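Q:
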Amino acid sequence: MKKTLVFAGLFLILTSCGTPSRRGSAPPQRTAVPELPAPNMAPRQAVPKTTLDNLYQMGQKAFQAKDYAKAFDYFIAVSNGYKDNPKEFETKFWAARAAVRLARWSETLALTEELLKYPKWLPVQKSELVNYRLRSYEAVGDNAKLLETLASARADQSLAQEHEAFRLKALEVVESRMSHGDLEDLYDKSRDAELRAAAAYRLGEIALENKDMGQAQSYFKKAVSLGENNETARRAQEVLNQLETLNKVESKTIGVVLPLTGRHAAVAQKTLRGIQMGLGLYGKNVSSFKLAVVDDEANPDRARQGVERLVREDNVIAVVGSLLSKTASGVASKSAELNVPSIALSQKSGITDLGPTVHRNSLTSEMQVRLLVKQAMEEMNMRKFAIIYPNDAYGVEFANLFWDEVLARGGQVTTVQPYSPKETDFRYVVQRLVGTFYVDARADEYRLRMKEWSDNPRNKSARASAPDNLLPPITDFDAIFIPDSVKALGQIAAMLSFNDVKNVKLLGTNLWNVPGLTKRAGNWSKDLLFVDSFVSTDPGYQNSAFVRDYKALFGEEPGIFELQGYDSALILRQLISQGYSSRDSLNRALGQLRDLPGSLARLNMSPDREIQRPLVTLTLENGKIVPYRESKTP
Numbered sequence: 000m001k002k003t004l005v006f007a008g009l010f011l012i013l014t015s016c017g018t019p020s021r022r023g024s025a026p027p028q029r030t031a032v033p034e035l036p037a038p039n040m041a042p043r044q045a046v047p048k049t050t051l052d053n054l055y056q057m058g059q060k061a062f063q064a065k066d067y068a069k070a071f072d073y074f075i076a077v078s079n080g081y082k083d084n085p086k087e088f089e090t091k092f093w094a095a096r097a098a099v100r101l102a103r104w105s106e107t108l109a110l111t112e113e114l115l116k117y118p119k120w121l122p123v124q125k126s127e128l129v130n131y132r133l134r135s136y137e138a139v140g141d142n143a144k145l146l147e148t149l150a151s152a153r154a155d156q157s158l159a160q161e162h163e164a165f166r167l168k169a170l171e172v173v174e175s176r177m178s179h180g181d182l183e184d185l186y187d188k189s190r191d192a193e194l195r196a197a198a199a200y201r202l203g204e205i206a207l208e209n210k211d212m213g214q215a216q217s218y219f220k221k222a223v224s225l226g227e228n229n230e231t232a233r234r235a236q237e238v239l240n241q242l243e244t245l246n247k248v249e250s251k252t253i254g255v256v257l258p259l260t261g262r263h264a265a266v267a268q269k270t271l272r273g274i275q276m277g278l279g280l281y282g283k284n285v286s287s288f289k290l291a292v293v294d295d296e297a298n299p300d301r302a303r304q305g306v307e308r309l310v311r312e313d314n315v316i317a318v319v320g321s322l323l324s325k326t327a328s329g330v331a332s333k334s335a336e337l338n339v340p341s342i343a344l345s346q347k348s349g350i351t352d353l354g355p356t357v358h359r360n361s362l363t364s365e366m367q368v369r370l371l372v373k374q375a376m377e378e379m380n381m382r383k384f385a386i387i388y389p390n391d392a393y394g395v396e397f398a399n400l401f402w403d404e405v406l407a408r409g410g411q412v413t414t415v416q417p418y419s420p421k422e423t424d425f426r427y428v429v430q431r432l433v434g435t436f437y438v439d440a441r442a443d444e445y446r447l448r449m450k451e452w453s454d455n456p457r458n459k460s461a462r463a464s465a466p467d468n469l470l471p472p473i474t475d476f477d478a479i480f481i482p483d484s485v486k487a488l489g490q491i492a493a494m495l496s497f498n499d500v501k502n503v504k505l506l507g508t509n510l511w512n513v514p515g516l517t518k519r520a521g522n523w524s525k526d527l528l529f530v531d532s533f534v535s536t537d538p539g540y541q542n543s544a545f546v547r548d549y550k551a552l553f554g555e556e557p558g559i560f561e562l563q564g565y566d567s568a569l570i571l572r573q574l575i576s577q578g579y580s581s582r583d584s585l586n587r588a589l590g591q592l593r594d595l596p597g598s599l600a601r602l603n604m605s606p607d608r609e610i611q612r613p614l615v616t617l618t619l620e621n622g623k624i625v626p627y628r629e630s631k632t633p
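Under numbering that gives the first Met the number 0, the residue at position 1 of the sequence shown is numbered 0, and the numbers go up by one with no gaps.
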């Protein structure tokens with residue numbers, strides 16, 4: 000188990016390796032050793048005038064009472080009176096004990112240096128003095144003196160029982176306390192091969208942290224050559240083996256991580272088909288590209304493990320996936336750690352912030368909201384908006400983005416109503432939205448309308464009761480944003496009609512770009528506006544080579560998932576075929592992607608590593624989803 004943990008830890012050290020940046024590299028830093036004040040052996044308080052023996056006893060009592068300052072002064076005074084007497088060293092020993100407990104490091108070092116010259120100490124006493132010196136140098140950060148003291152102690156045969164502890168302490172200092180410059184000095188000047196090996200190993204780790212793969216390998220090789228098959232050499236060799244594994248790249252093997260089992264399997268299979276088509280794995284002229292596929296089972300841990308397996312075992316040059324927000328982060332972060340280019344297919348916010356090798360090909364929430372609000376405010380002159388949203392991750396994200404975008408463009412959000420994702424009765428949600436739920440807030444108006452209703456002869460029946468929509472709706476907004484499925488849209492639209500809400504638009508996301516929209520929209524079919532990257536009824540889409548070939552292969556029409564998978568694979572295929580056959584060069588080429596032909600349009604990479612494509616605002620016309628009007632990506 001221990002070996003596995005060490006191996007995993009080392010793997011994490013090297014997981015962000017890549018081409019180092021040489022520009023403006025600073026010289027190695029060395030630890031600045033603070034200057035200690037001169038030891039002050041003068042008593043800091045009045046010492047009673049009494050015999051030396053009495054003063055010694057008073058020092059002992061003060062020490063036992065943990066009054067170390069008083070004890071120190073008493074013992075120093077006694078030692079001054081015992082000059083050239085064996086008791087001088089005993090009392091100075093006690094003074095050193097008090098000094099170390101007071102963290103008076105200058106005095107501790109001065110006393111222990113003098114005391115260690117006394118030849119008659121027992122090994123246990125000498126060990127105590129050595130450890131006081133180690134503690135002092137450790138406290139002030141003087142690693143050079145710390146190692147010097149440890150080396151001297153290891154050479155002292157009277158301390159043979161502690162040699163192993165001193166050796167391990169020296170290794171701990173090298174591995175965790177020394178700066179880059181100090182490590183280089185130690186490696187260049189030390190005569191201790193084991194410490195030089197430890198310094199080389201730590202320098203290799205630092206090189207990995209700085210993404211200098213070549214320098215790291217050089218240091219680890221030095222650690223192996225100096226280590227003489229000890230633990231440091233073994234660990235260095237393990238890292239070298241892993242680096243060699245990470246450096247192996249099959250330039251025409253693409254890794255894919257998707258939820259191929261479970262409730263997301265159907266969507267994942269559609270995406271995989273698109274990826275296979277994009278790599279040219281179907282048809283008469285099959286390409287030489289290969290796919291290595293991992294089923295993440297919608298599990299973030301499996302997604303991360305899958306990426307590691309694809310890199311270490313399949314030597315993939317890039318990774319595509321995953322679809323779900325909870326697994327996409329795992330794929331992106333692990334790919335970034337391993338310095339492998341990846342293309343995420345998830346809408347998860349901020350995913351490209353996880354690393355410089357992370358790219359995204361997905362119609363994101365930000366893209367949709369930006370164009371939707373631009374269309375509504377700049378081209379349709381809307382200024383006031385309401386929001387009805389499901390209280391889940393999707394709904395909350397879209398609601399917040401929409402609200403922020405409206406405010407940024409100088410508009411207003413006049414009312415907001417959340418609802419449970421499991422909601423099926425939207426009566427009260429809509430009533431709260433339009434101000435008819437809280438009758439007490441409009442009590443005078445309600446009484447007046449109730450009287451008018453009661454005075455109407457048609458309502459004289461004993462069975463008649465006041466309707467729920469007695470109060471008229473307050474519609475102080477031009478449109479309602481509903482970031483949910485067409486099923487929820489249909490239920491909300493029905494309640495809007497029941498509550499006499501009129502003359503407003505309903506705004507949505509690409510979840511509305513489905514065949515069942517017409518049926519669900521009902522009376523609101525002419526008042527819908529939403530965003531997507533394609534229109535399935537558009538002749539340009541229907542006549543594209545991608546759609547034509549997909550239908551011929553699979554007997555059905557592709558959608559957004561197939562399209563995103565196809566374009567992602569097509570981008571990688573074209574760039575690799577142009578000669579970008581290493582991970583670093585491919586990552587740079589992805590970042591500079593400009594005007595590359597995709598399935599439906601030319602593709603570009605934004606500075607945030609988002610693949611941009613033309614978007615379009617859509618609506619319903621004669622029962623068909625059509626572009627609202629020509630629109631460009633904002």
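C-beta atoms are modelled at their ideal positions from N, C-alpha and C, and glycine is treated no differently.
These numbers were taken from a predicted model, which means no experiment stands behind them.
1) Thinking C-alpha only, which one of LEU115, PRO482, PHE71 and LYS486 is nearest VAL395?
2) DSSP state of LEU362, grouped into three classes?
3) Please determine, among ALA98, TRP104, LYS82 and PHE74, the residue with the shortest C-alpha to C-alpha distance to THR90.
4) Are the beta-carbon atoms belonging to SER532 and ILE570 less than 8 angstroms from one another?
5) For ASN621, count neighbouring Cβ atoms within 10 angstroms of its own Cβ and tell me buried if that reaches 16, exposed if not.
6) Which whole-angstrom value is the C-beta distance of MET494 and PHE425, which I expect to be below 8 angstroms?
7) Considering just the uninterrupted stretch of the beta strand (DSSP E) at ALA385, what are its terminal residues?
8) What are the partner residues of ILE624, as DSSP defines its beta bridges?
9) Apart from the five residues on each side of it in sequence, which residues of its chain come closer than 8 angstroms, Cβ to Cβ, to SER135?
10) Express the C-alpha separation of TYR281 and LEU617 in angstroms, rounding to a whole number.
11) So what's ILE253 in DSSP terms, helix, strand or just coil?
12) Give me the residue from THR413, GLY410, PRO299 and GLU609 with the minimum Cα distance to THR351.
13) Less than 8 angstroms separating the beta-carbons of ALA197 and GLU227?
14) Could you tell me which residues DSSP puts in a beta bridge with LYS289?
15) Put LEU344 into one of helix, strand or coil per three-state DSSP.
16) Please decide whether GLU307 counts as near chain D, where near means a Cβ-Cβ distance under 8 angstroms.
17) Give me, in chain order, the residues of the same chain whose beta-carbon lies closer than 7 angstroms to that of PRO420; leave out the 5 immediate sequence neighbours on both sides.
18) Taking its Cβ as the centre, do 16 or more other Cβ atoms sit within 10 Å of VAL368, making it buried, or is it exposed?
19) Tell me which residues share the same chain as ALA215 and place their Cβ nearer than 6 angstroms to its Cβ, disregarding the 5 neighbours each side in the sequence.
20) So, are the CB atoms of VAL357 and ALA331 less than 8 angstroms apart?
21) For ARG132, count neighbouring C-beta atoms within 10 Å of its own C-beta (all shown protein chains included) and say buried if the count is 16 or more, exposed if not.
22) Apart from the five residues on each side of it in sequence, which residues of its chain come closer than 7 angstroms, Cβ to Cβ, to VAL500?
23) Let me know the alpha helix (DSSP H) ranges lying completely inside the segment 56-116, each 4 residues or longer, listed in chain order.
24) Please name the residue or residues paired with ASP294 in a DSSP beta bridge.
25) Just how far apart, CA to CA, sit GLY539 and ALA600?
26) Only counting the same chain, and skipping five residues up and downstream in sequence, which positions put a Cβ closer than 7 angstroms to that of ARG21?
27) From the DSSP output, which residues share a beta bridge with LYS504?
28) Report yes if the CB atom of ALA639 is closer than 8 angstroms to the CB atom of ASP313, and no otherwise.
29) Determine the direct distance from the alpha carbon of SER484 to that of SER361, and round the result to whole angstroms.
30) GLU609 bridges to which residues according to DSSP?
31) Answer yes or no: do LEU505 and TRP523 have a C-beta to C-beta separation smaller than 8 angstroms?
32) Which residue spans inside the segment 193-251 form an unbroken alpha helix (DSSP H) run of at least 4?
33) Determine the extent of the beta strand (DSSP E) in which TYR418 is found, giving its start and end residues.
34) Identify whether VAL433 lies in helix, strand or coil by the three-state DSSP scheme.
35) List the DSSP bridge partners of ASN542.
36) Are there three or more Cβ pairs, one per stretch, closer than 8 angstroms when the segment 245-265 is compared with the segment 289-307?
A: Checking against the coordinates, here is how it stands:
1) Here residue 395 refers to the residue found at position 396 of the sequence shown. It is PRO482.
2) Against the sequence shown, residue 362 aligns to sequence position 363. Coil.
3) Counted from its first residue, the sequence shown places residue 90 at position 91. Minimum Cα distance to THR90 is reached at PHE74.
4) To locate residue 532, count along the sequence shown from 1; it is residue 533. To locate residue 570, count along the sequence shown from 1; it is residue 571. No, these two residues do not count as a Cβ contact at 8 angstroms.
5) Sequence index remark: in the sequence shown, residue 621 carries index 622 (1-based). By the neighbour-count rule (16 or more Cβ atoms within 10 Å), ASN621 is not buried but exposed.
6) Position 495 of the sequence shown, counting from 1, holds the residue named residue 494. Position 426 of the sequence shown, counting from 1, holds the residue named residue 425. Right, the Cβ-Cβ distance comes to about 5 angstroms (below 8 angstroms), so this counts as a contact.
7) What you label residue 385 is simply residue 386 of the sequence shown in a count that begins at 1. Unbroken beta strand (DSSP E) run through ALA385: 383-389.
8) Indexing the sequence shown from 1 puts residue 624 at position 625. Note: ILE624 sits in a beta bridge opposite LEU619.
9) Counting from 1 along the sequence shown, the entry for residue 135 is found at position 136. If we look at SER135 and ignore the five residues flanking it on each side, its Cβ neighbours are VAL99, TRP104, THR107, LEU108 and THR111.
10) On the sequence shown, residue 617 is found 618 positions in, with the first residue counted as 1. On the sequence shown, residue 281 is found 282 positions in, with the first residue counted as 1. If you take the alpha carbons of LEU617 and TYR281, they lie about 33 angstroms apart.
11) For the purposes of this step, residue 253 is taken as the residue at position 254 of the sequence shown. Note: ILE253 maps to strand in three-state DSSP.
12) Residue numbering aside, residue 351 sits at position 352 when the sequence shown is read from its first letter. If we check each option's Cα against that of THR351, GLU609 comes out closest.
13) Within the sequence shown, residue 197 is the residue found at index 198, counting from 1. Within the sequence shown, residue 227 is the residue found at index 228, counting from 1. No.
14) As a working note, residue 289 is residue 290 in the sequence shown. Per DSSP, THR252.
15) Within the sequence shown, residue 344 is the residue found at index 345, counting from 1. When DSSP states are grouped into helix, strand and coil, LEU344 belongs to the coil group.
16) Of the protein chains in the structure, only one exists, and it is not chain D.
17) The count along the sequence shown starts at 1 and reaches residue 420 at position 421. Excluding residues within five positions, the ones whose Cβ falls inside 7 angstroms are PRO389, ASN390 and ASP391.
18) Taking the first residue of the sequence shown as position 1, residue 368 is located at position 369. The residue is buried, with at least 16 neighbouring Cβ atoms inside 10 Å.
19) For this step, residue 215 is matched to residue 216 along the sequence shown. In chain order, GLY203, ALA206 and LEU207 place their CB closer than 6 angstroms to the CB of ALA215, counting only its own chain and leaving out the 5 sequence neighbours on each side.
20) On the sequence shown, residue 357 is found 358 positions in, with the first residue counted as 1. On the sequence shown, residue 331 is found 332 positions in, with the first residue counted as 1. Against a cut-off of 8 angstroms, the Cβ pair of ALA331 and VAL357 comes out as a contact.
21) Position 133 of the sequence shown holds residue 132. Buried.
22) Taking the first residue of the sequence shown as position 1, residue 500 is located at position 501. Closer than 7 angstroms at the Cβ level, and outside the excluded window around VAL500, lie VAL433, PRO472 and THR474.
23) 67-80, 85-100 and 104-114
24) Here the question's residue 294 lines up with position 295 in the sequence shown. Beta-bridge pairing links ASP294 to LEU257.
25) Here the question's residue 539 lines up with position 540 in the sequence shown. Here the question's residue 600 lines up with position 601 in the sequence shown. Using only the alpha carbons, I get a separation of about 10 angstroms.
26) By 1-based counting over the sequence shown, the position of residue 21 is 22. For ARG21, the predicted structure reports a pLDDT of 29, less than 50, and the residue's modelled location is therefore unreliable. The matter cannot be settled from this model.
27) As a first step, residue 504 must be located in the sequence shown, where it is residue number 505. DSSP lists ALA478 as partners of LYS504.
28) Given that the chain is displayed from residue 0 to residue 633, the structure contains no residue 639 and the question cannot be resolved.
29) Residue mapping note: residue 361 aligns to position 362 of the sequence shown, counting from 1. Residue mapping note: residue 484 aligns to position 485 of the sequence shown, counting from 1. When rounded, the distance between both Cα atoms is 18 angstroms.
30) As a first step, residue 609 must be located in the sequence shown, where it is residue number 610. GLU609 is bridged to ARG359.
31) Mapped onto the sequence shown, residue 505 falls at position 506. Mapped onto the sequence shown, residue 523 falls at position 524. It is a contact, given that the beta carbons lie within the stated cut-off.
32) Runs of the alpha helix (DSSP H) inside the segment 193-251: 212-226 and 230-246.
33) Stepping through the sequence shown from its first residue, residue 418 is reached at position 419. Segment 411-418, the beta strand (DSSP E) holding TYR418.
34) Within the sequence shown, numbered from 1, the residue matching residue 433 stands at position 434. In the structure shown, VAL433 sits in coil (DSSP, three-state: anything other than H, G, I, E or B).
35) As a working mapping, residue 542 is identified with position 543 in the sequence shown. In DSSP, ASN542 forms no bridge with anything.
36) yes
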